[in-house]
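To start, the structure itself, in structure tokens.
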Amino acid sequence: MNPQRKRIPKIEPFKHRVEVDPKFFDKSWKKLDDAIREIYNHNASGLSFEELYRTAYNMVLHKHGGRLYDKLAENLKGHLREMGKLVEAAQGGLFLEELQRRWADHIKALQMIRDILMYMDRTFIPSSKKTPVFEHGLELWRDIVVRSPKIHGRLVDTLLELIHRERMGEMINRGLMRNTTKMLMELGSSVYQDDFERPFLEVSASFYSGESQQCIERCDCGEYLKNAEKRLAEESERVSLYMDAKTADKIANVVDKEMLSNHMQRLFVMENSGLVNMLINDKHEDLTRMYDLFKRVPDGHSTIRSLMASHVKETGKILVTDPERLRDPVDFVQRLLNEKDKYDEIVSVSFSNDKTFQNALNASFEYFINLNNRSPEFISLYVDDKLRKGVKGAANEEDIETVLDKVMMLFRYLQEKDVFEKYYKQHLAKRLLSGKTSSDEAERNMLVKLKTECGYQFTSKLESMFTDLRTSQDTMQSFYANLAGDADVPTISVQILTTGSWPTQPCATCNLPPEILGVSEQFRAHYLGTHNGRRLTWQTNMGNADIKATFGERKHELNVSTYQMCVLMLFNSTDSLTYKEIEQATAIPPVDLKRCLQSLACVKGKNVLRKEPMSKDISDSDAFHFNDKFSSKLVKVKIGTVVAQKESEPEKQETRHRVEEDRKPQIEAAIVRIMKSRRVLDHNSIVTEVTKQLQARFLPNPVVIKKRIESLIEREFLERDKVDRKLYRYLA
Numbered sequence: 001m002n003p004q005r006k007r008i009p010k011i012e013p014f015k016h017r018v019e020v021d022p023k024f025f026d027k028s029w030k031k032l033d034d035a036i037r038e039i040y041n042h043n044a045s046g047l048s049f050e051e052l053y054r055t056a057y058n059m060v061l062h063k064h065g066g067r068l069y070d071k072l073a074e075n076l077k078g079h080l081r082e083m084g085k086l087v088e089a090a091q092g093g094l095f096l097e098e099l100q101r102r103w104a105d106h107i108k109a110l111q112m113i114r115d116i117l118m119y120m121d122r123t124f125i126p127s128s129k130k131t132p133v134f135e136h137g138l139e140l141w142r143d144i145v146v147r148s149p150k151i152h153g154r155l156v157d158t159l160l161e162l163i164h165r166e167r168m169g170e171m172i173n174r175g176l177m178r179n180t181t182k183m184l185m186e187l188g189s190s191v192y193q194d195d196f197e198r199p200f201l202e203v204s205a206s207f208y209s210g211e212s213q214q215c216i217e218r219c220d221c222g223e224y225l226k227n228a229e230k231r232l233a234e235e236s237e238r239v240s241l242y243m244d245a246k247t248a249d250k251i252a253n254v255v256d257k258e259m260l261s262n263h264m265q266r267l268f269v270m271e272n273s274g275l276v277n278m279l280i281n282d283k284h285e286d287l288t289r290m291y292d293l294f295k296r297v298p299d300g301h302s303t304i305r306s307l308m309a310s311h312v313k314e315t316g317k318i319l320v321t322d323p324e325r326l327r328d329p330v331d332f333v334q335r336l337l338n339e340k341d342k343y344d345e346i347v348s349v350s351f352s353n354d355k356t357f358q359n360a361l362n363a364s365f366e367y368f369i370n371l372n373n374r375s376p377e378f379i380s381l382y383v384d385d386k387l388r389k390g391v392k393g394a395a396n397e398e399d400i401e402t403v404l405d406k407v408m409m410l411f412r413y414l415q416e417k418d419v420f421e422k423y424y425k426q427h428l429a430k431r432l433l434s435g436k437t438s439s440d441e442a443e444r445n446m447l448v449k450l451k452t453e454c455g456y457q458f459t460s461k462l463e464s465m466f467t468d469l470r471t472s473q474d475t476m477q478s479f480y481a482n483l484a485g486d487a488d489v490p491t492i493s494v495q496i497l498t499t500g501s502w503p504t505q506p507c508a509t510c511n512l513p514p515e516i517l518g519v520s521e522q523f524r525a526h527y528l529g530t531h532n533g534r535r536l537t538w539q540t541n542m543g544n545a546d547i548k549a550t551f552g553e554r555k556h557e558l559n560v561s562t563y564q565m566c567v568l569m570l571f572n573s574t575d576s577l578t579y580k581e582i583e584q585a586t587a588i589p590p591v592d593l594k595r596c597l598q599s600l601a602c603v604k605g606k607n608v609l610r611k612e613p614m615s616k617d618i619s620d621s622d623a624f625h626f627n628d629k630f631s632s633k634l635v636k637v638k639i640g641t642v643v644a645q646k647e648s649e650p651e652k653q654e655t656r657h658r659v660e661e662d663r664k665p666q667i668e669a670a671i672v673r674i675m676k677s678r679r680v681l682d683h684n685s686i687v688t689e690v691t692k693q694l695q696a697r698f699l700p701n702p703v704v705i706k707k708r709i710e711s712l713i714e715r716e717f718l719e720r721d722k723v724d725r726k727l728y729r730y731l732a
């Protein structure tokens, strides 16, 4: 059987012809034309939009879409020409108002026409790739009205004139401006940019170029920056009120260029008001304004940074090289701290705590602090002063802590931290041995800060000094517990110092008075009896004593150094002695003896001895007499030793020599570590690596590194390459 074939339905055209009225288009268009005229004449209320829509629908349906589109364009052009003539005729301030009125009429009419021709918009226009009705109406408005030869130039000039008047302080109709620029934006971004924005930016550049030139001639830097800030704010507000938001950055760039960038160098170096003047006089508000404004300018911040760093280096250099300032180390360091506080506040408050500015400031301080090779000594003396006397005005430990934190900032800038360590050890030793520390807690906090900054090796010997003092207390308790003696025996307190931990130097032991010598020998026997294999050496230059003295009928208790005690005890058996007799009897080194006698005979209010002849300096021919007329309101009188706060030149050279000697093994150890890991290395690379490893403590001299390499070669740790003499090889 054959399968039944499936029938496919077929749609065929009408067999009869459909007759269309030959005047259909003309009649239909006449109806639409009349309606559009009524719409533009504000008489749309009587129109039947449903009927008009059906008419347009039928015209498109009957393939008259192209003719309808063309007729519409001609119609709109006619209406727009009439509108253009009305706008042209408007005079003065009525020009923009008339333009806005006609624009509003046109937009309203276009919306109605678009609704009537919606079917054409949806079907015919996409298929024929024509511009939709509403957008076409906007293009015709642009070409016939806005860009009319008699309107275009006048429109742009009017807008720019109103903006100029507003810049000069006049009130303008901002609503009208907003509506006009909005019209240009609705006509397309290119219309807004070409017909308004571009000429607006050009005129603005000219305006601000002239204003900035006038302003810079009559204003100082601070006033000029205030004006620039004000103008930027005004332009930002102007854009937000009646311009496209994208114009904001463009007009800001114009103001930045004309008012800031073009005059940057002149503003920064302006005499009596520029950047340096602001820094000197702490003009935080002006500096903040400068920082914020020049953030917008290429190289603005880098230029400010560079000028600030140069100024800080210059003023710092004057500070650290001024001979007058170097006379008082404490004042010297206090001035450094004041400068640091001043610029830290500027960076924090005015420069938004900008890390790049902080880094520039740190580099500047590091530069000038290391110009003075006595900076490590002076910083140590400052700490010594604060830990002895306490901080003036400090209410508690926190205030001392704050000062120590600030000092640590200066310490970080030091390139020769090992030199600071030498001096700090000396000053700490004197404080601990004399008991002249204001706070044990502060002393330990300072050690913790140094340990955190430089590591355990830096503070290990300093910490052992505290350990020695605790051990000494236990030793003295044991000594007196075992001492069965006379109550009249002088009481002594001995501090046992570990050699190597304390900055002691070999010194000739002076001749102690017999009363002290006996109990000293008893202590020696006790200590050596309990500690085998040790040796005791008296450091008489570091001790002190309390002695009772009678001047006529007045009794006083004198606090003196060990050397001063030895001198005064001589006057128990005589009333007068010559310098030579004192020197021979005590065996005190001449330099120390003269200082000792100066403090006993030449200091007003402390002169327990009389000197002949009377003068400030001590000579070998002087004679000294017991001053039985000495009197003081205090029962306890402290007689200090006349010493220089700073080191003398020979002492300074000695300290420097010790530092250089201590550096040698550190440099050699670094070289060996590097060569052990690298095996073969050229000379310049060794110098670079050693400097990198040791810069936390000091900056090694390349000449010294070369000498240490030579020494290691002699001791067969290294050898030179047989071919390339600049290469070194590690010998296992």
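Heads up: the sequence shown begins at 1 in UniProt numbering, then just goes up one per residue.
Each residue gets a CB set at the ideal place from its N, CA and C atoms; glycine is no exception.
Legend entry - Candidates 442, 28, 456, 69: closest to residue 404 by CA position: Locating residue 404 in the sequence shown gives position 404, where the first residue counts as 1. Among 442, 28, 456, 69, the Cα nearest to that of residue 404 is on 442.
Inset, instruction - Compute the minimum distance between the beta carbon of residue 579 and the heavy atoms of the ligand ADP, and state whether it is under 6 Å. - result: The ligand content of the structure shown is nil, which means the ligand ADP is not present either.
Inset, instruction - Might you give, ordered along the chain, the residues of its own chain that have their beta carbon closer than 6 Å to the beta carbon of residue 132, omitting 5 neighbours on each side? - result: The residue given as residue 132 occupies position 132 in the sequence shown. These residues qualify, in order along the chain: 121, 125.
Inset, instruction - Can you tell me which of 400, 464, 143, 240 puts its alpha carbon nearest to the alpha carbon of residue 195? - result: For the purposes of this step, residue 195 is taken as residue 195 along the sequence shown, with counting starting at 1. When only C-alpha atoms are compared, the closest one is 143.
Inset, instruction - From the DSSP output, in three-state form, read off residue 559 for me. - result: Translated into positions along the sequence shown, residue 559 becomes position 559. In this structure, residue 559 counts as strand in the three-state DSSP scheme.
Legend entry - Test item: CB-CB of residue 413 and residue 366 under 7 Å: Numbered from 1 along the sequence shown, position 413 holds the residue referred to as residue 413. Numbered from 1 along the sequence shown, position 366 holds the residue referred to as residue 366. A contact, by the Cβ cut-off of 7 Å.
Inset, instruction - Drop a sphere of 10 angstroms on the beta-carbon of residue 42, count the other beta-carbons inside from all chains shown, and report buried for 16 or more, exposed for fewer. - result: Taking the first residue of the sequence shown as 1, we reach residue 42 at position 42. Classification for residue 42: exposed.
Inset, instruction - Give a yes or no on contact between the stretch 549-567 and the stretch 591-602, applying the rule of three or more CB pairs nearer than 8 Å. - result: Segments in contact, yes.
Legend entry - Contacts around residue 420, its chain only, beta-carbon distance under 7 Å, and the 5 residues preceding and following it disregarded: Counting from 1 along the sequence shown, the entry for residue 420 is found at position 420. These residues qualify, in order along the chain: 376, 379, 380, 411, 414.
Inset, instruction - Check residue 595 in the structure and name its three-state DSSP category. - result: Translated into the one-based positions of the sequence shown, residue 595 becomes position 595. Three-state DSSP puts residue 595 in a helix.
Legend entry - Unbroken stretches of the beta strand (DSSP E), 3 residues or longer, contained in the stretch 474-554: As far as the stretch 474-554 is concerned, its whole beta strand (DSSP E) runs of at least 3 residues are 544-551.
Inset, instruction - Could you check which residue in 551, 548, 480, 498 has the C-alpha nearest to that of residue 520? - result: On the sequence shown, position 520 is the one that residue 520 refers to. In this structure, 480 is the residue among 551, 548, 480, 498 with its C-alpha nearest to the C-alpha of residue 520.
Legend entry - Exposure of residue 457, with buried meaning 16 or more beta-carbon neighbours within 10 Å: In the sequence shown, counting from the first residue as 1, residue 457 sits at position 457. Result: exposed.
Inset, instruction - Out of 275, 596, 636, 700, state which residue places its alpha-carbon closest to the alpha-carbon of residue 666. - result: As a first step, residue 666 is located in the sequence shown; it is residue number 666 there, counting from the start. Residue 666 has its Cα closest to that of 700, out of 275, 596, 636, 700.
Inset, instruction - Name the two residues that bound the continuous alpha helix (DSSP H) containing residue 441. - result: Stepping through the sequence shown from its first residue, residue 441 is reached at position 441. Residues 440-454.
Inset, instruction - Have a look at residue 558 and residue 706 and give me their C-alpha separation to the nearest angstrom. - result: Within the sequence shown, numbered from 1, the residue matching residue 558 stands at position 558. Within the sequence shown, numbered from 1, the residue matching residue 706 stands at position 706. Cα to Cα, residue 558 sits roughly 55 Å from residue 706.
Inset, instruction - Could you tell me if residue 169 is buried or exposed, where buried requires 16 or more neighbouring beta carbons within 10 angstroms of its beta carbon? - result: Position 169 of the sequence shown, counting from 1, holds the residue named residue 169. With fewer than 16 other CB atoms across the displayed protein chains lying within 10 angstroms of its CB, residue 169 is exposed.
Inset, instruction - Check each candidate in 500, 478, 409, 387 and name the one with the smallest Cα separation from residue 444. - result: One-based indexing of the sequence shown puts residue 444 at position 444. Checking every option, the nearest Cα to that of residue 444 belongs to 387.
Inset, instruction - Take the Cβ of residue 268 as the centre, count every other Cβ of all protein chains shown within 10 Å, and call the residue buried at 16 or more, exposed below. - result: Translated into the one-based positions of the sequence shown, residue 268 becomes position 268. Residue 268 is buried by the Cβ-count criterion.
Inset, instruction - Return the residue from the list 460, 203, 174, 723 that minimises the CA-CA distance to residue 237. - result: Position 237 of the sequence shown, counted from the start, is the residue given in the question as residue 237. Taking only the C-alpha atoms, the option nearest residue 237 is 174.
Legend entry - Pair within 7 Å by beta-carbon distance, residue 569 and residue 513: Here residue 569 corresponds to residue number 569 of the sequence shown, with the count starting at 1. Here residue 513 corresponds to residue number 513 of the sequence shown, with the count starting at 1. In terms of Cβ geometry, residue 569 and residue 513 form a close pair [threshold 7 Å].
Inset, instruction - Indicate whether residue 333 and residue 382 have their beta-carbon atoms separated by less than 7 Å. - result: For this step, residue 333 is matched to residue 333 along the sequence shown. For this step, residue 382 is matched to residue 382 along the sequence shown. Against a cut-off of 7 Å, the Cβ pair of residue 382 and residue 333 comes out as a contact.
Legend entry - residue 248, enclosing alpha helix (DSSP H) - first and last residue: The residue you call residue 248 lines up with position 248 of the sequence shown. Counting along the chain, the unbroken alpha helix (DSSP H) around residue 248 starts and ends at 247-255.
Inset, instruction - Compute the Euclidean distance between the alpha carbons of residue 188 and residue 152, then round it to the nearest angstrom. - result: Walking along the sequence shown from the start, residue 188 turns up at place 188. Walking along the sequence shown from the start, residue 152 turns up at place 152. Going by C-alpha positions, residue 188 is about 16 Å away from residue 152.
Inset, instruction - With residue 682 as the anchor, note down where its beta strand (DSSP E) starts and where it stops. - result: Translated into positions along the sequence shown, residue 682 becomes position 682. Element bounds for residue 682: 680-682.
Legend entry - residue 123 in three-state terms, based on DSSP: Stepping through the sequence shown from its first residue, residue 123 is reached at position 123. Correct three-state label for residue 123: coil.
Inset, instruction - Within the stretch 81-124, note down every full alpha helix (DSSP H) run reaching 4 residues or more, in order along the chain. - result: DSSP runs (the alpha helix (DSSP H)) wholly in the stretch 81-124: 94-116, 118-122.
Legend entry - Endpoints, the alpha helix (DSSP H) within which residue 166 is located: Walking along the sequence shown from the start, residue 166 turns up at place 166. Looking at the DSSP string, the run of the alpha helix (DSSP H) that includes residue 166 is 152-167.
Inset, instruction - Tell whether a beta-carbon distance below 7 Å holds between residue 260 and residue 312. - result: Within the sequence shown, numbered from 1, the residue matching residue 260 stands at position 260. Within the sequence shown, numbered from 1, the residue matching residue 312 stands at position 312. Result no, Cβ atoms of residue 260 and residue 312 do not sit closer than 7 Å.
Legend entry - First through last residue of the beta strand (DSSP E) which encompasses residue 578: Taking the sequence shown and counting its residues from 1, the one referred to as residue 578 is at position 578. From DSSP, the beta strand (DSSP E) with residue 578 extends over 576-578.
Legend entry - For residue 729, the residue or residues it bridges with in DSSP: Translated into positions along the sequence shown, residue 729 becomes position 729. Beta-bridge pairing links residue 729 to 680, 719.
Inset, instruction - May I have the straight-line CA-CA distance separating residue 645 from residue 265, to the nearest angstrom? - result: Here residue 645 corresponds to residue number 645 of the sequence shown, with the count starting at 1. Here residue 265 corresponds to residue number 265 of the sequence shown, with the count starting at 1. Any reading at residue 645 is ruled out, since the residue's pLDDT is 49, under 50, leaving its predicted position unreliable.
Inset, instruction - Output the distance between the C-alpha atoms of residue 315 and residue 427, rounded to the nearest integer angstrom. - result: Position 315 of the sequence shown holds residue 315. Position 427 of the sequence shown holds residue 427. Cα to Cα, the separation comes out at about 30 Å.
Inset, instruction - Determine, using beta-carbon pairs with one atom in the stretch 178-187 and one in the stretch 212-227, whether at least three such pairs fall under 8 Å. - result: No: the two stretches stay apart, fewer than three of their Cβ pairs being nearer than 8 Å.
Inset, instruction - Within its chain, find whatever has a CB closer than 7 Å to the CB of residue 254; leave out the 5 residues flanking it on each side and keep chain order. - result: Numbered from its first residue, the sequence shown carries residue 254 at position 254. So the qualifying residues of the chain are 201, 204, 205, 208.
Legend entry - Residue closest to residue 790, alpha-carbon to alpha-carbon, out of 490, 663, 213, 150: Lying outside 1 to 732, the shown extent of the chain, residue 790 is not represented and no answer is given.
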